[in-house]
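Below: one structure, written as structure tokens.
4 protein chains.
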Amino acid sequence: MSSIYSGSIKISIFGESHSEAIGAVLDNIPAGEKIIFDEIIVQMQRRAPGYDGISTCRKEIDVPEIISGISNGYTTGAPICAVIKNNNACSEDYKSLEDLIRPGHSDYPAYVRYKGFNDKRGGGHLSGRLTACLTFCGAICRQILEQHGVIIGAHVYSIFDVFDKKFEGNLSDELLINLSRERFPVINFDKKEVMIEKILQAKKDGDSVGGIIECAIKNIPPGIGSPIFDGVENKISSLIFAIPAIKGIEFGAGFDATKMLGSQNNDPFVILDEKITTETNNHGGILGGISSGMPIIFRCAVKPTPSILKTQRTVNIKSKSVQKISITGRHDPCIVPRAVPVVESAAALAILDLFKEAGLL
Amino acid sequence: MSSIYSGSIKISIFGESHSEAIGAVLDNIPAGEKIIFDEIIVQMQRRAPGYDGISTCRKEIDVPEIISGISNGYTTGAPICAVIKNNNACSEDYKSLEDLIRPGHSDYPAYVRYKGFNDKRGGGHLSGRLTACLTFCGAICRQILEQHGVIIGAHVYSIFDVFDKKFEGNLSDELLINLSRERFPVINFDKKEVMIEKILQAKKDGDSVGGIIECAIKNIPPGIGSPIFDGVENKISSLIFAIPAIKGIEFGAGFDATKMLGSQNNDPFVILDEKITTETNNHGGILGGISSGMPIIFRCAVKPTPSILKTQRTVNIKSKSVQKISITGRHDPCIVPRAVPVVESAAALAILDLFKEAGLL
Amino acid sequence: MSSIYSGSIKISIFGESHSEAIGAVLDNIPAGEKIIFDEIIVQMQRRAPGYDGISTCRKEIDVPEIISGISNGYTTGAPICAVIKNNNACSEDYKSLEDLIRPGHSDYPAYVRYKGFNDKRGGGHLSGRLTACLTFCGAICRQILEQHGVIIGAHVYSIFDVFDKKFEGNLSDELLINLSRERFPVINFDKKEVMIEKILQAKKDGDSVGGIIECAIKNIPPGIGSPIFDGVENKISSLIFAIPAIKGIEFGAGFDATKMLGSQNNDPFVILDEKITTETNNHGGILGGISSGMPIIFRCAVKPTPSILKTQRTVNIKSKSVQKISITGRHDPCIVPRAVPVVESAAALAILDLFKEAGLL
Amino acid sequence: MSSIYSGSIKISIFGESHSEAIGAVLDNIPAGEKIIFDEIIVQMQRRAPGYDGISTCRKEIDVPEIISGISNGYTTGAPICAVIKNNNACSEDYKSLEDLIRPGHSDYPAYVRYKGFNDKRGGGHLSGRLTACLTFCGAICRQILEQHGVIIGAHVYSIFDVFDKKFEGNLSDELLINLSRERFPVINFDKKEVMIEKILQAKKDGDSVGGIIECAIKNIPPGIGSPIFDGVENKISSLIFAIPAIKGIEFGAGFDATKMLGSQNNDPFVILDEKITTETNNHGGILGGISSGMPIIFRCAVKPTPSILKTQRTVNIKSKSVQKISITGRHDPCIVPRAVPVVESAAALAILDLFKEAGLL
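Protein chains in written order, with numbering that gives the first Met the number 0: chain P, 0 to 360; chain Y, 0 to 360; chain C, 0 to 360; chain F, 0 to 360.
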């Protein structure tokens, strides 16, 4: 019931949307790992509002202030803590909505869960803003993983009914590296324009859209992860669902595997460059919870942004009466592109955790 | 990297497919909870091979021997341990395959992970047989949850391309209770026959099929679960992926939500019987990781059984040469129906854990 | 290997002696608990240097800046994070010692543990300064416990060879409350002067002294804690050893029990005010890891401060030669009085954790 | 509140004194470790009643039945589970005492904790018998540690007022190895006879005695363990208090350090065989929670056996009246010698856990 992840690496996330600051502690990271601050900023910017050409919000980067655990560009072995000030430049007045529980938001369950004592402004601790903390932690973890050759990249696989190409088995490192630095990463550039049109149309209608993010993790050695509770899928999924808008995840062929015969879904083993590998990758790089050495591939569903201008029906929690609600302010009509670095970050956290458990760090 | 789940309730799963026995310890269960042994057997039978009219294997129920923690039908507060003997009645000779890594199985990653020391017979600790332990633990947890009014039921939502009806918002307790005792639970009985045909056809072809299981959990009070790492989705997904064949999970509208507008996906809040609830249930009973009071609904993808008679290509791990493999023996052409009680069990474990965390036990 | 405590309540401690700041996250604290900031300051001051009439260091209180989790004097249910700036007013130049490993300090093992990358200034993350974070967390926990009637108080039981009175079975709430607000708490005031003399003599000699702290926790209901791994003793001891200078702990009669016969050490059960209790309290309020309802009593040994002016022999870690070392600067000749609130805080954390586990919060 | 230890290695202990069996799961042990079953038996015998020349109980070894995780003498990487049948050969009739809570025992707190549902026969899950499970796990861990050169040995440092020699800094491997196979290990053999006399005298008087066990762990590399919550002292103490009769623990000079000056207690660093080490070992091999490379030394206090023939006063929990109690049956007048292998086992578990965390396995 806490915001602490306690695997082989540990993460503590704190802060509320309108408290003094938000931040994170990343703990049990080995000493002596080189961390480039600018690379953290690259990822923070990808998640920040106003950079994807969609959000109208004033551009403002969340610059994390590292207050411990990194010195002279290297990890000291002490917990890494960063604090991100809440300047609230993009915040609007939530006062008027105060007693109206926003549909698709956690206002109502949070009210019950915290007996009304939770900080309701901007969603408090349940705000999507807290994903900045995940992004910070992920930005550190991926730098460490890169030293081990691991590359993580994701793209916007779909927006509403517009689909990009899927990752194919034979992924190049270069493709992933490029994606991992883009603000609206797609494989097929032509589709990006159509996606943006969809988003702008939704915005015009006072509505919102969601989509699917596909993520790949390359150069994982075989033999990482464990059966039953500590498998690669358990780990990744439990961290991916830390992102508020995610409603589904699938690995490899995923749900499509249910429409395949065993003989189609099984990936034949072959020898390539004297190494054992599989010809296809329906298993998404994971068999029995353990990495196979093939790229780990997963897709996750991002629901349409719940904050919309369009009038909705809801309940006033004080008067217990049904009322109308229209959520004004500068809300993203689609958070999928901004969620891409967060998904990559959650993946980086999961993989670094598995590396640590496997004694590879 | 262990087979221990360490939430508010704790589970330790042990055993290998061909070791002396398999078993489980279920720990931190309150004292004084009434446990009916026959109800455990009902669930063990649903999972056991040979009961669904498909598997040809000799019928044999895994009867768990409870060696501590339950006395005179009540929990004593001490860890509940059960041991299930391995009689191997259904096992065939794995000797001939020994050096061939089976496609779709964990043979290869497990070989690397355990440096060749793992018990390879029948898949060892990675065998689907270990789900009997999950089912045992789940059968206890669901009895305790029932005392709190919670009902868990799942059905075979699809086999290959044949689909049952989906759960609708207004689920009756009766429907779920009935499903939770069936061996091949479906909502629309007509579809069951078509599904069985698909399975038998696959079998005839020396092939296999998978499908989707849909699970509902009713009568959860609002306010259970937490944002970020300890939400209902994190918990359920991390336990559902303890089942070897699962490759995807989605909550509520899930992946379909990505093709909806925000105004369609948001569930309007209404007052019903003086309680706050939602009109629809696209959110699957979970908002911001916290229960809303609506039924928790999720679906998970079961891949087609990897063991098939059909000839496949694979690699001999000793000689590193490509060879042909045909897996003989009595393998299920479809494990979806047998996986239903395991999915319900994983859900029961997750929910009891959340209840314990919330101080409701 | 982290600075995260992950029980039913969670604590993350971060910072280094000379980094930007130190701080803590206290997580999984229920919403709606009243927290008085001034009461936190009372405890922070007791731990701060320069307040006990011994330390010559400039008086300076560490005022924690609460950046989330408390709003309008009540916990919001979100993680409580506080940051304490490092002003370094009391720090001296560690440069000259840099390559000399200080006897009695963790310089050498930390150097190996962190491959030389640890922040060595002021002991870095291993500095006694980090106990300010424990004190902050404890100051919150004890306020919540007080709402449940639980009172925690400790005193300086000994300095070198000067001993205060021991706690006796029949402790008054008043005594404990008074002790818990004192800067040099003793039961027998006459002994305090003798203790201070001992300390000042050591200081004059360029030396240091240690002592024993005795702590009592009253009004714990019977039935809290568990046998084997999660008992009251396991919990308290594992948190007490978070305080750097502690080298031993004993509960109830402790080591003295080894010189008693069973018939002397066993505490007879009696009925008092219609409640079951024991006549004596050799068991220190804990039997089989579970609270008996009697006051929980423990004592812990604080070693003499390792930083002394007196010349000592040590090793230069770079040149690997034996050298002389004299540690100048304003070091406490005795940290026992300042450690009292830290010991109470560790006790408060342990007890709140046990209360949460027992479903009492 | 469970009997699961969840560090880098995991232990689940189950069973009740008079249930079908007791047992343990030892999880996250690497595959390919050689385990000699007879070495397990050596340790089980040291703990078993009737072997130390004191207990009159019928000799009977608890032979653990390994049901998974070890195959052909090597760990398979799967959880190691062992079951030890309860033959109850030494059990007497607890019926007559049923409603009388035994002084010094956990009967009363357990009754409250488990609402009367706990298995009261022989102390149920809180019985000292459960230390057989710790011994089993420890016997495996020490074999693995021996492969890394680590040697663990303990001796009976005192019985009542009779004291053996203390460990001195310069311990030989041979001494520790010899101690670790003895049933009544002492350094000074002359003292053993005097100790046995004390025990037999207590027995004759219908009384009991306790004592102190001193344990040494040699050949630990420097740099193992962490500051604050995951230090060597936190780890060892939290596992040592899993042994029911332990009431205190101290490391190195321990409580005696409080009567030393800083200049006496600080251990000067020196160079020996080109390695950095300390001349003396008041720090007990641990500085700031991290191993220094010197032997880890700790002592723990074992209280006198609470079960005595001598008449005591107690309470009848049903009638709430004060009554007399005399505990008949074959109880040990002193459990200190039998506790020695359990203490070594707890130490082995702690150290293997720290090795795993440090990536040394």
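Virtual Cβ for every residue (Gly too), placed ideally from N, Cα, C.
Which residues in chain Y have a C-beta closer than 9 Å to the C-beta of residue i? List them in chain order.
i, result
"D331 of chain F", "Within chain Y, no residue comes near D331 of chain F; the closest Cβ sits about 23 Å away, beyond 9 Å."
Short check: CB of residue i to CB of residue j, under 8 Å?
i, j, result
"Q142 of chain F", "E38 of chain F", "yes"
"N117 of chain Y", "T75 of chain F", "yes"
"E32 of chain C", "I151 of chain C", "no"
"L99 of chain F", "T313 of chain F", "yes"
"S7 of chain F", "P78 of chain Y", "no"
"T304 of chain C", "M293 of chain C", "no"
"C299 of chain Y", "I198 of chain Y", "no"
"F183 of chain F", "P29 of chain F", "no"
"I227 of chain P", "L129 of chain Y", "yes"
Taking buried to mean at least 16 other C-beta atoms within 10 Å of its own C-beta, is residue i buried or exposed?
i, result
"V41 of chain F", "exposed"
"G328 of chain C", "exposed"
"Q146 of chain Y", "exposed"
"D26 of chain C", "buried"
"Q200 of chain P", "exposed"
"G22 of chain Y", "buried"
"N280 of chain Y", "buried"
"G121 of chain Y", "buried"
"N265 of chain P", "buried"
Since residue i meets chain F, which of its residues come closer than 8 Å, beta carbon to beta carbon?
i, result
"E19 of chain Y", "E64, I65, I66, S67"
For a contact defined as C-beta to C-beta under 8 Å, what are the partners of residue i on chain Y?
i, result
"K270 of chain P", "In the sequence as presented, Lys is not what sits at residue 270 of chain P; that position holds Ile. Here the neighbours are V314, K319, S320, V321."
"H104 of chain P", "L286, G287"
"G6 of chain C", "Ordered by position in chain Y, no residue passes the 8 Å Cβ test against G6 of chain C, which lies about 11 Å from the chain."
"E356 of chain P", "M0"
For residue i, which residues in chain P fall below 9 Å Cβ to Cβ?
i, result
"K234 of chain C", "Under the 9 Å cutoff, chain P gives no residues; its nearest Cβ is about 17 Å from K234 of chain C."
Identify the contact partners of residue i in chain P, using a Cβ-Cβ distance below 7 Å as the criterion.
i, result
"S27 of chain C", "It is worth fixing the name first, because residue 27 of chain C is Asn in this sequence and not Ser. The contacting residues are M0, S1."
"V111 of chain C", "By Cβ distance, chain P contributes nothing, its closest Cβ being about 11 Å from V111 of chain C, past 7 Å."
"K258 of chain Y", "F159, D160"
"I227 of chain Y", "S2, I12, L129, A241"
For residue i, which residues in chain F fall below 9 Å Cβ to Cβ?
i, result
"G222 of chain P", "Residues of chain F passing the Cβ test: none, with the nearest at roughly 11 Å."
Output, in chain order, the set of chain F residues within a Cβ distance shorter than 7 Å of residue i.
i, result
"F13 of chain C", "The contacting residues do not exist; F13 of chain C stays about 10 Å from chain F at best."
"K309 of chain C", "S262"
Quick one: list the residues of chain C neighbouring residue i, beta-carbon separation under 7 Å, in chain order.
i, result
"V341 of chain P", "Correct list: empty, because the minimum Cβ distance to chain C is about 19 Å."
For residue i, go through chain P and note every residue whose CB falls closer than 8 Å to its CB, in chain order.
i, result
"D266 of chain Y", "P102, G103"
Does the CB of residue i have a neighbour CB from chain A at under 8 Å?
i, result
"P78 of chain Y", "Looking at the structure shown, chain A is missing, and the protein chains on hand are P, Y, C and F."
Note down, in chain order, every chain C residue with its Cβ under 9 Å from the Cβ of residue i.
i, result
"Y73 of chain P", "F116"
Determine contact between the region 219 to 234 of chain Y and the region 104 to 120 of chain P, defined as no fewer than three beta-carbon pairs at a distance below 8 Å. Counting C-beta pairs closer than 8 Å gives three or more between the region 219 to 234 of chain Y and the region 104 to 120 of chain P, which meets the contact rule.
What are the residues of the region 234 to 251 of chain C that lie near chain P, defined by any Cβ-Cβ distance shorter than 8 Å? Result list empty, no residue passes.
Would you check if there are 3 or more beta carbon pairs closer than 8 Å linking the region 165 to 174 of chain C to the region 237 to 246 of chain C? No, the region 165 to 174 of chain C does not touch the region 237 to 246 of chain C.
Below 8 Å, can you find three or more Cβ-Cβ pairs linking the region 248 to 264 of chain C to the region 186 to 197 of chain C? Result no; under three Cβ-Cβ pairs closer than 8 Å.
Cβ pair count under 8 Å reaching 3, the region 204 to 217 of chain C against the region 339 to 357 of chain C: Contact holds between the region 204 to 217 of chain C and the region 339 to 357 of chain C, because three or more Cβ pairs, one in each stretch, are under 8 Å apart.
At a Cβ cut of 7 Å, what residues of the region 288 to 306 of chain Y count as close to chain P, listed as they run along the chain? Within the region 288 to 306 of chain Y, the residues whose Cβ lies closer than 7 Å to some Cβ of chain P are I289, S290, S291, A300, V301, K302, P303, T304, P305, listed in chain order.
Residues in the region 112 to 137 of chain C with C-beta within 7 Å of chain F's C-beta atoms, listed in sequence order? Within the region 112 to 137 of chain C, the residues whose Cβ lies closer than 7 Å to some Cβ of chain F are R112, H124, L125, L129, listed in chain order.
Positions along the region 196 to 219 of chain Y whose CB lies within less than 8 Å of some CB in chain C: Taking 8 Å as the Cβ-Cβ cut-off against chain C, none of the residues of the region 196 to 219 of chain Y qualify.
Positions along the region 144 to 157 of chain F whose CB lies within less than 7 Å of some CB in chain Y: Residues of the region 144 to 157 of chain F with a C-beta less than 7 Å from any C-beta of chain Y: none at all.
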